[in-house]
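2 protein chains.
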Amino acid sequence: MTTARGIERTAERNSTRTQRHILDAAAHVIGEVGTAMTLAQVADAAGVSKGGLMHHYSGRLQLLIAVVDDANDRFREAVTGNLDLSENAPGKMLRAYVRTLCGGDLEAANYFGSAPIWNGLYGLPEIREVMDADTVWWEQQLALDGLDPLVIRIVRRAAEGLAAAYSYGEETKEDLQEARDLLLEMTVQGVGSHQVNPG
Amino acid sequence: MTTARGIERTAERNSTRTQRHILDAAAHVIGEVGTAMTLAQVADAAGVSKGGLMHHYSGRLQLLIAVVDDANDRFREAVTGNLDLSENAPGKMLRAYVRTLCGGDLEAANYFGSAPIWNGLYGLPEIREVMDADTVWWEQQLALDGLDPLVIRIVRRAAEGLAAAYSYGEETKEDLQEARDLLLEMTVQGVGSHQVNPG
DNA sequence: CTGTACAGACCATTTGGTCGGTAATATCTT
DNA sequence: AAGATATTACCGACCAAATGGTCTGTACAG
């Protein structure tokens with residue numbers, strides 16, 4: 004296999020690049036037409052032929068799984084990138100989550116998160132599986148922050164709801180960010196009868 | 004046309020009943036498979052034939068429009084039914100909205116609201132239209148309540164996010180209702196730096 | 001000459017939508 | 001009152017287009 008080593012490397016580079024195109028294209032198409040996504044649509048948007056598409060993903064289901072998986076990964080990375088380790092109040096992860104969803108980046112709001120965007124995909128058990136795994140992961144991560152669980156849920160779901168509304172064009176970027184700031188505040192001050200007692 | 008009057012009445016009764024079946028079935032199917040909804044699936048679930056279905060709705064698009072329209076109507080009615088006119092604090096409508104979405108009724112959480120459930124339908128301009136109209140209507144209704152607009156948005160989106168999570172099985176009913184109570188509280192006490200000053 | 005990335009014709013199935021037919025019910029005619 | 005007629009609800013065979021997926025061929029890197 005020494006022969007093939009070199010091949011594999013450049014081939015892999017190309018392969019990875021078109022796979023990126025395909026995943027992006029698919030996510031975009033899903034954002035537009037939901038589960039009605041078509042292989043032809045994706046191939047078109049990705050600038051490859053149907054054969055090309057099938058070369059990388061053996062079928063529609065496999066493609067969908069890959070898309071969801073990839074979106075989950077990217078969202079995790081985005082949130083991690085928004086972590087502010089210099090913060091001392093509990094709730095670092097939750098705040099990063101909020102910043103990511105409500106920062107005004109349409110991509111993040113649109114394609115990421117435990118996103119409503121992916122509705123309909125829940126119907127497919129294989130996909131439900133990877134989504135559930137992601138759900139569990141996030142619940143654990145956010146719980147580690149040391150905040151009142153109820154405050155976590157309220158803030159988190161508010162962020163998701165806001166992001167969804169934003170992605171549907173129901174919120175302006177300014178409004179979204181204003182709301183985000185209030186959510187961040189809530190992670191420090193708590194909510195109503197659920198005040199946060201520092202440290 | 005006096006001739007047809009009687010016919011039309013009983014026929015309308017029957018017609019209305021099967022239309023109800025069809026709309027419910029379609030909403031259910033959409034909840035499962037999203038935009039990939041199929042006329043055959045709907046006909047099956049509604050217990051009618053394809054011909055029967057086409058008799059009531061002239062095409063897929065017309066059916067989708069009817070479903071969305073109907074869902075919007077039912078949601079409005081549900082919220083109105085949850086109004087508590089004996090409340091004296093501002094925010095009656097918002098609280099009814101929250102109660103409806105986060106009351107634990109899966110139907111309401113699943114099929115109603117400016118619901119993420121309907122994603123993918125946004126891609127169809129005709130549907131986008133009726134959804135946008137509904138969006139505007141709700142914004143006006145909620146704004147009439149006399150609450151801080153930012154508090155309205157936070158509470159509302161949180162309720163929607165919670166309902167979405169609940170419909171995906173990510174929230175228990177008890178957790179949902181606990182969160183609901185806190186949201187209701189927020190409409191009275193305000194949030195963080197946005198305290199509500201009672202009128 | 002081998003293995004990989006990709007193209008595009010091709011095929012079986014599915015899907016949206018049409019159409020002719022039937023049963024039921026109400027109205028009109030006599 | 002009784003049939004003829006009209007109108008509506010609904011069925012299911014049928015068709016053309018779209019869709020998922022296969023297969024053969026080609027270009028190119030090593």
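Chains as they are written, first to last, in my numbering: chain A, 4 to 202; chain B, 4 to 202. Idealized CB from N, CA, C, for every residue including glycine.
One question on the structure: do residue i and residue j come within less than 7 angstroms of each other, judged by their Cβ atoms?
{"i": "LEU185 of chain B", "j": "GLY107 of chain B", "result": "no"}
{"i": "VAL101 of chain B", "j": "VAL154 of chain B", "result": "no"}
{"i": "LEU145 of chain B", "j": "MET96 of chain B", "result": "yes"}
{"i": "VAL32 of chain A", "j": "VAL45 of chain A", "result": "yes"}
{"i": "ALA30 of chain B", "j": "ALA49 of chain B", "result": "no"}
{"i": "ALA69 of chain A", "j": "THR38 of chain B", "result": "no"}
{"i": "ASN113 of chain B", "j": "ALA99 of chain B", "result": "no"}
{"i": "GLU173 of chain B", "j": "THR138 of chain A", "result": "yes"}
{"i": "VAL158 of chain B", "j": "VAL71 of chain B", "result": "no"}
{"i": "ASN122 of chain A", "j": "ASN122 of chain B", "result": "yes"}
{"i": "GLN22 of chain A", "j": "HIS59 of chain A", "result": "yes"}
{"i": "GLY94 of chain A", "j": "ASP148 of chain A", "result": "yes"}
{"i": "ALA136 of chain B", "j": "ALA111 of chain B", "result": "no"}
Measure how close the beta-carbons of residue i and residue j come, nearest whole angstrom, since I'm counting them as under 8 angstroms.
{"i": "LEU150 of chain B", "j": "THR190 of chain B", "result": "7 angstroms"}
{"i": "LEU104 of chain B", "j": "ALA162 of chain B", "result": "5 angstroms"}
{"i": "SER170 of chain A", "j": "LEU109 of chain A", "result": "7 angstroms"}
{"i": "ALA182 of chain A", "j": "ARG156 of chain B", "result": "6 angstroms"}
{"i": "LEU26 of chain A", "j": "ASP87 of chain A", "result": "Between ASP87 of chain A and LEU26 of chain A the Cβ distance is about 29 angstroms, and since that is not below 8 angstroms, they are no contact."}
{"i": "LEU56 of chain A", "j": "LEU127 of chain A", "result": "Not confirmed; about 19 angstroms, so no contact."}
Under DSSP, the alpha helix (DSSP H) around residue i begins and ends at which residues?
{"i": "GLU132 of chain B", "result": "128-146"}
{"i": "VAL82 of chain A", "result": "63-84"}
{"i": "MET57 of chain A", "result": "53-59"}
{"i": "GLY164 of chain A", "result": "152-170"}
{"i": "LEU42 of chain A", "result": "42-49"}
Based on the DSSP output, what are the partners of residue i in its beta bridges?
{"i": "GLY107 of chain B", "result": "In DSSP, GLY107 of chain B forms no bridge with anything."}
Give, in chain order, every residue of the region 169-196 of chain B whose Cβ lies closer than 8 angstroms to some Cβ of chain A. If the cut-off is 8 angstroms between Cβ atoms, the region 169-196 of chain B has TYR171, GLU173, GLU174, ASP178, GLU181, ALA182, LEU185, LEU186, GLU188, MET189, GLN192, VAL194, GLY195 and SER196 near chain A.
Interface residues of the region 96-107 of chain A facing chain B [CB-CB below 9 angstroms]: none
Positions along the region 151-163 of chain A whose CB lies within less than 9 angstroms of some CB in chain B: Taking 9 angstroms as the Cβ-Cβ cut-off against chain B, the residues of the region 151-163 of chain A that qualify are PRO152, LEU153, VAL154, ARG156, ILE157, VAL158, ARG159, ARG160, ALA161, ALA162 and GLU163.
Pull out every residue of the region 62-84 of chain A whose Cβ sits closer than 8 angstroms to any Cβ of chain B, in chain order. For chain B, none of the residues of the region 62-84 of chain A brings a beta carbon within less than 8 angstroms of one of its beta carbons.
Against chain B: residues of the region 38-65 of chain A by CB proximity under 9 angstroms: THR38, ALA39 and MET40
According to a CB-to-CB cut-off of less than 9 angstroms, which residues of the region 14-36 of chain A neighbour chain B? ILE33, GLY34, GLU35 and VAL36
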